[in-house]
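In the UniProt record's numbering, the protein residues as written are 1 to 188.
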């Protein structure tokens, strides 16, 4: 009897080892799958970053006053140079990032920003989260009025401090006024 009990125990432990081995294989294959997905994602992001940085560098090397060029540079870099001047035709796309656009667009449009015309052709819907803000004085009387106000204020500027104070007040008033406490700002 003693020997048969040992055989059963040995058989159970061998069965347990096989199950543990199967679990390790499943864990190993899921880890390999996860690692492969992570590596592929990294390679895609790296390729995108290299492409976008080369586009950004090439657009920075050749300064252009084109609104389309300026818009593209802002979209790719997320910022503009201090010396850049926002001109009519500049637009900002909110809700669509460069990575998403690059992987979802036709090959002929890779590396290019969606044109304002193509964005205007999209039918609005409730689930669409893209917002486009365009700078165009000919279509925006509020912007034209603001520019005229700045021009009239500039006649009274004597020092840089005067200009800064008056422009700050104008922008603050146009953007909703000042805040007296940090609580109103949502800080804290």
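Ideal placement from N, C-alpha and C gives every residue a C-beta, glycine not left out.
Around residue 146, the same chain offers 170, 174 as residues with beta carbons nearer than 8 angstroms, after the five sequence neighbours per side are excluded. Taking the Cα of residue 114 as reference, the smallest distance to any Cα among 66, 72, 172 is reached at 72. If you ignore the 5 residues before and after residue 132, its C-beta comes within less than 6 angstroms of the C-beta of 91, 93, 119, all in its own chain and listed in chain order. Here residue 34 is exposed, its C-beta having fewer than 16 other C-beta atoms within 10 Å. Residue 135 carries a coil assignment under DSSP once its states are collapsed to helix, strand and coil. Secondary structure at residue 80: coil, using DSSP grouped into helix, strand and coil. Rounded to the nearest whole angstrom, the C-alpha separation of residue 74 and residue 80 is 6 angstroms.
In this structure, residue 136 places its C-beta atom within 7 angstroms of the C-beta atom of residue 88.
Its chain contains 162, 166 as the residues whose beta carbon lies nearer than 8 angstroms to that of residue 156, once the 5 sequence neighbours on both sides are disregarded; these appear in chain order. Following the DSSP letters along the chain, one finds residue 156 in no alpha helix (DSSP H), marked with neither H nor E.
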